[in-house]
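What follows is a set of notes on a single structure, which appears directly below.
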Amino acid sequence: MVENGKGFQVFANIIMLALTIFCLFPFVLLVVSSFTDESTLIRNGYSLFPAKLGLDSYAYIFKKIETIARAYVITIVVTVSGTLISMMLTVLLSYPLSRRDLPHRNTFAFLVFFTMLFNGGLVPTYIMWTRYLNIDNTIWALIVPALLLNAFYVIMMRTYFMTSIPEEVIEAGRIDGAGELRILARVVLPMSVPMVATLSLLIGLGYWNDWRNGFYYLTDSSLFSIQNMLNTMLQDVQFLASGGAGGNAGEIAATMPSVGIKMAIAVVGAVPILIVYPFFQKYFVKGITVGAVKG
Amino acid sequence: MNAALGTNKRKHKYKRFVPLYVMMVPGLLYLLINNYVPMAGIIIAFKHINWNSGILGSPFAGLSNFEYLFKTKEAWVITRNTLGYNVLFIVLGTVISIGVAILLNEIRSKFWKKSYQTVILLPYLISMVIVSYLVFAMLSSESGFVNNSILEPLGLDGLTWYTEPKYWPFILTIVHIWKVFGYSCIIYYATLVGIDRGYYEAAVIDGANRWQQIVNITLPALKPTVITLVLLQVGTIFYSDFGLFYQVPMDSGPLYDVTNTIDTYVYRGLIKLNDVGMSSAAGVYQSLVGFTLVYIANRLVTRFSKENALF
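Just so you know, the sequences run in chain order A and B.
Taken in order, the first sequence gives residues 1 to 295; the numbers are from full-length UniProt numbering.
Taken in order, the second sequence gives residues 1 to 311; the numbers are from full-length UniProt numbering.
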C-alpha cells in the first residue's frame, strides 16, 4: 500500500513481534530448561529465568553418548541415502512424463497422480510391509515405506521440466547423437538445479523429521533414528539409561537427571534443523510457494 | 503390404521411446508396491482374516466388519473429531494466515520483514515428536511452565493437563495453528507481493483509506489462492495429522474422547488391539469418503481457477 503512516507501522510491528514471541517462546523455554540445574527444575519446574543454571542433563547425555550417536548416524544415513534414491526416482519418472512426444504419457501421469487421490490406508499397507515383504526391524523400514517417491514432487518436477526446458535444447542434444539418458544427465539436469535443490531439501527434511516409519515398523531399538529415540523417551525417559549399554538400568536411573534430560535430548534432536534452517530458508520458501501454486 | 508397413512404422515409433519407458520403470514399480498393492488390500475389510489361510483364502465377511464398526460409539466420536477439528483448523488457519500475510506485506523495514518471515515458518519445519516435547514443557503437571510459572503465582492450583479432556480442543487447535500458520501465510504473502502497486496508487488518488484498500484490492486479489488452499484442505477433511492427535496428547487414555480421530483409531485398532477387521473397516471408510471429497474439491478448484487444479 502506498500511504502508510508511522502509527500503522508501529501497530503492524507490535503484532508481528507478538507473533514472533508466540512462535519462539516454546523453543526458548526448551533450551533454557535444558541448561537448568536438576534440583531447581524439580522445585520450580521449567522456567525462562531459572534460579540456578546447570549442565547435569548434558553431562548425563555425554555419558550415554553411544546410544545418541548411533541414533544420529542412523538418521544421517537414512536421510542421505533416502534423499538420493528418492531424487533419482523422482527425476527418472518425471522427465519422460514431461516429454510431450511420449506416447501414452497421460496414462502414466494419471497412474502417478491417482496415488494422491486414493490410498489403501494403514491396515493393508502395514500388513504388506510386515507380513509379505518382511521389512520390519530392518534399516529399509526407515527408508522405503511411504517416503521414497512422492507423487506431488513428481508432478512439481515434471511441471518444471515442461515450463523451463525448451524442447529445442532436447532436440539439439538428439541431433548431436546423445541418448535419452545422456540428454537428461548432461542437458536437462544442469538446467534444473534450482528445482532439484528445492525438492532435495523438502525430501531430506521429510526423512530427517520422520518418526512414523520407525514407529510402525521397528521394535528393535538398535535401529531407532533420533526421532524414534525421542519418541520413546517422551514416555519412558529410562530408555537412555537402559537402551545402549545394557548395564544395570535401575542403578543408573537413580543418578539420572530425568526432568532436565527430557529437554536436553529434545534440544539435541532439534538443533540441526535450527542451525541449518536460516541458510536454506530461501529454498524452503521457494519450495512452498512453487508447490502450492503449481500442482 | 500396407499393414506390414504400418506395424513396422509403429514399432519404429515406439523403439525411439524405449529408453524413456525404461527410465520410468523404477518409479512406477515403487508406486505399484507402495500404493497400488495396498489399494487392492482393501479387500481385507470384507473378510474374516485368518492368517493360516492367508488374505485370499480367508472367508468373506460381507459387510459385517462395517456393521460392528458403526454400532460402536467410537465410529461417531472419530468422525465428529476428524471433521470438527478440520473445520476449525481450516477456518481459523485461513483467517489468521491471511491477516498475518497482509500485515507482513505492510511492514516497510526489509530486515524485519525477512526476520518475521523466518520466525513464523520455523515451527513448520520441526517434527511432531519435538513439538510434543515443547507441549510437555508447557503442560507437564509437576514441572510444566503453565502450572509452575502462571497458575501458581496467581494463587491457582495446578492442573493435571494430560487427564483433563475439556481443555484439549483448545490446546490441539493452538498447537496446530502454531505449527502451520506460517506455511499458508508464506503462500498468501507470495500472492500479495505479486499485486500491481498501480491499483493502490490509483485508490489513494481516489481517496481510499487503508481499510478500503484492503477490502477492495487486497482481498479480491487473494481470492483465487484462498479458494484453492481451502478446497485442497476440504479435500483432506477426512484425514487427520496422526502426530498431532497421538503424540502431542502422549496417547493419554482419559483424553481419547476429544483426541481420537480416524487415523489414531485405525492405528490403535491395528497395532495395540490387533483387531484387523474393525481397523480395516475404519480405514476403508476413510479412504472411500476421503476419495469422494478430494474428487469433489478438485472439480470445484477446476471451476474456480483451472491452473491450480490437480487434474
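Even glycine gets a Cβ: it sits at the ideal position worked out from N, Cα and C.
Nearest neighbour of D263/B by Cα position, chosen from G253/B, M128/B, G277/B, Y285/B, turns out to be Y285/B. Against chain A, a Cβ distance below 8 Å from S58/B picks out nothing, because the smallest value is about 12 Å. At a cut-off of 8 Å, the C-beta of R100/A has no neighbouring C-beta in chain B.
The contact set of Y60/A on chain B, defined by CB atoms closer than 8 Å, is empty, because the minimum CB distance reaches about 17 Å. Secondary structure at F60/B: strand, using DSSP grouped into helix, strand and coil. Burial state of F238/B is buried, judged by a 10 Å Cβ sphere holding 16 or more other Cβ atoms.
Per DSSP, S164/A is one residue of the alpha helix (DSSP H) stretching across 151-164. Within the stretch 118-131 of chain A, the residues whose Cβ lies closer than 7 Å to any Cβ of chain B are, in chain order, F118, N119, G120, G121, L122, V123, P124, T125, Y126, I127, M128. Here DSSP, grouped into helix, strand and coil, assigns T36/A to strand. C23/A places its beta carbon 8 Å or farther from that of I42/B. Restricting attention to R108/B, R197/B, M128/B, I171/B, the CA atom closest to the CA of W208/A is found in M128/B.
Take the alpha-carbon of I261/A and the one of K114/B: they are about 34 Å apart. Under the DSSP definition of a beta bridge, K47/B partners with F60/B. Residue state for L133/A is assigned as coil, using DSSP reduced to three classes. Contact annotation for Y68/B against chain A: no contact, minimum CB-CB distance about 15 Å [criterion: below 9 Å].
For V32/A and S141/B, the gap between their C-alpha atoms comes out near 19 Å.
Contact between the stretch 33-47 of chain B and the stretch 119-126 of chain A is present: 3 or more CB-CB pairs across the two stretches fall below 8 Å. Scanning L142/A, S94/A, I42/A for the CA closest to the CA of V80/A turns up L142/A.
Only V204, R210, Q213 from the stretch 204-224 of chain B bring a Cβ to less than 7 Å from some Cβ of chain A.
By the CB criterion at 8 Å, N44/A and N298/B fall outside the cutoff.
For L53/A, the three-state secondary structure derived from DSSP is strand. T94/B and F181/B have their C-alpha atoms roughly 8 Å apart. Around D210/A, the same chain offers L147, Q227 as residues with beta carbons nearer than 7 Å, after the five sequence neighbours per side are excluded. Straight through space, the alpha carbons of E106/B and I65/A are spaced by roughly 48 Å. With a threshold of 8 Å between beta carbons, I203/A makes no contact with chain B. Proximity of Y217/A to chain B, defined by a Cβ-Cβ separation below 8 Å, is not satisfied. Rounded to the nearest angstrom, the gap between the Cα atoms of G158/B and E152/B is 7 Å.
What M263/A touches in chain B, judged by beta-carbon distance under 8 Å, is Y133, A137, going in chain order. Put simply, of S57/A, Y60/A, L29/A the residue whose alpha carbon is nearest the alpha carbon of Y46/A is L29/A. The Cβ neighbour count for F215/A, taken over all protein chains shown within 10 Å, is at least 16; the residue is labelled buried.
At a C-beta separation below 7 Å, I120/B has these neighbours in chain A: L19, C23. The three-state secondary structure of I186/B, taken from DSSP, is helix. Within 7 Å of the CB of P26/B, the CB atoms of chain A belong to L89, L92, in sequence order along the chain. CA-to-CA, the gap between L240/A and T67/A works out to about 7 Å. Rounded to the nearest angstrom, the gap between the Cα atoms of R16/B and V91/A is 20 Å. DSSP places S149/B in no alpha helix (DSSP H); its state is neither H nor E.
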